[in-house]
Amino acid sequence: MSLVVTDTLEDERVEFTADGDVTLYVCGLTVSDDPHLGHARLWFHADVLHRWLEHEGYDVRHVENVTDVNEKITARVGERDEWTAERDVAETFSASTFSAMRGLNLLRAEVYPRVTEHVPEIVDLVATLVEKGYAYESNGSVYFDVTRFDDYGALSNQNVEELEAQGEPDERSEKRHPADFALWKAGGVSETAARDHAKHDHGDSVPSGETWDSPWSEGRPGWHVECSAMSTTHLGDTLDVHMGGRDLVFPHHENEIAQSEAATGETFARHWLHVGLLEMDGEKMSSSIGNFWTVPDALEELGVNVVRTFYAGAAYRSEQALTEEAIAEAEERWDRLSRTYDRAVEALDSVDARAKAEDDDLRAGVATAREEFAAAMNDDLNLREATAALLELTDAVNRHVDGVSEGGDAYDYRGLREAVEAFDDLAVGVLGLQFKAESDGEVGLADELVELVVDIREAEREAGNYERADELRDALGEVGVEIEDGPEGTTYRFA
RNA sequence: GCCAAGGUGGCAGAGUCUGGUCAGACGCAGCGGCCUGCAGAGCCGCCCAACGCCGGUUCAAAUCCGGCCCUUGGCUCCA
């Protein structure tokens, strides 16, 4: 079975095609602030695509840029004492971005290129475009001439004639066509821009940011050209997949196509995948609107597994609303998966590998879950359906374990092992969830103490002192230990 | 105004390309049962109910065509 994806350029579902190696470029972050859950949504879906392609036998070369040259970054210079230059601000938020990515359990990309390290490549690309007649210099700045590129607007279905002006008012007079966009801008960040984007008062010393030498002027690279230069540098002229947020379709990605294809004459990207925006209170989550949850805060409050389960609840191409209900649902789904995984591992630990009992329901459940998971993933990465396949497997596992503890047949060692392998392969390997259960049999001090309390409570229960027993259960609950009384005694787990 | 993505049961979310075989699966919320000292977890069952609106094509439309309404995004920095 092959993977079908929704391609923005083709405007429809298309079969994913690539040879054994897949080049994946993700339009990354401008490091001017802590990343929020909207950014993380793109990362998550790129990560799951990466994981699924590897699962299906592809070698994935994943590159994600870090935009560390931007007027919003410059605008924050001086906000803290240690931020004396644009690079200081960028460094702070690059660090917080990478830390957030680790916290989200994202597979590492091969390279995280930065604009500051690719200025020569950017200048070369701009020079090529000028030589080929696709760009022109004006007052030391260089603009892309959209009228020279026939397919301009194909990605976003825009008509060049109807486009409004791109860029700041002061640069419009330098352009031949209002839709032309900057490849290189002479000089530093304008005082207006630095003041507009600032979160503090600059007073008299307004930062203008770093500038670089070029054939046209001492200046700064345009935003769109960075991605073209960096993706080509690391992944070649044609990308297999280019991913980004839906809000970047126009003008950013449209401009990338124009620059790259004008320069190389090759198709820039075979597949364009756009991730829908995360909404909060009916509008998109955005730093500039202020309705955002930072990744560190969300991880602290919900944990990586709930966050990832939440994202898996909606298709990448759709919008997704972040609501209390949606989070509660994700918590329930995750708890259910993780409890069942723990039960399966525990049962597995308690049986002899030579155990011969067979539970056809369990074994069929594993096979079905694997088939349905794969079918869902190949159907345009339908993660909710894929998760549903795993949740159906939890039913089969629970039925089996319940059946045994209620006096039925013995455990089906092989069936349980296959179930745990399926969870490890799919939930852990593809969805990037992390189960806590370890079957190493080690007992730590915490376990011994909890068992001590559980024993005391058990004695109270036997003596009929339920009030006292409930107090102990509540007390354990407060320190994060869940107690469950079952047919075969009391079990506990660290929540 | 122009461009794009959507509008399906209480919520969430498939199906729309390839008209009929599914308005399906999973989950949340709700209801009942088993189990239980209670709770939780787990299992089983229920949930009469929904295809934004108006036309058209067709033996047949959630699915195709036309018009309209609404939501979100883009057209300025934006994942």
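For the first sequence, position 122 matches number 179 in this note's numbering, and the numbering has no gaps at all.
Yeah, the Cβ is synthetic: ideal placement off N, Cα and C, and Gly gets one too.
On a predicted model such as this, the values are computed, not experimentally measured, just so you know.
| query | result |
| --- | --- |
| Span separating the alpha-carbon of R252 from that of T80 | 39 Å |
| Unbroken alpha helix (DSSP H) run spanning G347, endpoints | No alpha helix (DSSP H) contains G347, which DSSP labels as neither H nor E. |
| Boundaries (first-last residue) of the beta strand (DSSP E) holding N122 | 116-124 |
| T141, enclosing beta strand (DSSP E) - first and last residue | Premise fails: T141 is in no beta strand (DSSP E) and is neither H nor E. |
| Bridge partner(s) assigned by DSSP for H96 | According to DSSP, which records beta bridges pairwise, H96 is partnered with nothing at all. |
| Neighbourhood of G498 by C-beta, 8 Å cutoff - its chain only, sequence neighbours within 5 removed | The pLDDT assigned to G498 is 48, lower than 50, so where the model puts this residue is not dependable; a value taken from the coordinates is nonetheless given after this. Closer than 8 Å at Cβ, skipping near neighbours: D406. |
| For K341: DSSP bridge partner residues | E336 |
| Test item: CB-CB of L483 and L447 under 8 Å | yes |
| Through-space distance from E313 to A320, alpha-carbon basis | 11 Å |
| Any non-hydrogen atom of the ligand NAP closer than 7 Å to E194 Cβ | The ligand NAP is not part of this structure, which contains no ligands at all. |
| Start and end residues, beta strand (DSSP E) containing A243 | 238-243 |
| Range covered by the beta strand (DSSP E) that runs through L81 | 78-87 |
| Any alpha helix (DSSP H) of 4 or more consecutive residues that is wholly inside the segment 141-195 | 143-160, 176-188 |
| Under 8 Å between C-beta atoms of V423 and G472 | yes |
| Inter-residue CB distance, A157 and P353 (contact presumed, cutoff 8 Å) | 6 Å |
| Same chain, Cβ closer than 6 Å to H102, neighbours up to 5 away in sequence not counted | V332, Y373 |
| D416 classed as buried or exposed, judged by whether at least 16 other C-beta atoms fall within 10 angstroms | buried |
| Same chain only: Cβ atoms within 8 Å of H175, ignoring 5 sequence neighbours per side | E283, A286, M287, T290 |
| Presumed contact (8 Å Cβ cut-off) between R400 and V485, rounded CB distance | Actually they are not in contact, since the Cβ atoms of R400 and V485 sit about 16 Å apart, beyond 8 Å. |
| Close beta carbons around F73, own chain, < 6 Å, minus the five adjacent residues each side | L60, V62 |
| Extent of the continuous alpha helix (DSSP H) run through R133 | From DSSP, R133 is part of no alpha helix (DSSP H); its letter is neither H nor E. |
| Reduced DSSP category for G556 - H, G, I as helix; E, B as strand; rest coil | With the chain running from 58 to 552 in the structure shown, residue 556 is simply not present. |
| Sub-8 Å separation of L182 and Q316 beta-carbons | yes |
| Three or more C-beta pairs below 8 Å linking the segment 262-278 and the segment 293-305 | no |
| Continuous alpha helix (DSSP H) assignments of at least 4 residues falling wholly in the segment 428-465 | 440-462 |
| Option in S395, D469, T397 with minimal Cα separation from A410 | D469 |
| Cα-Cα separation between F367 and E388, rounded to whole angstroms | 8 Å |
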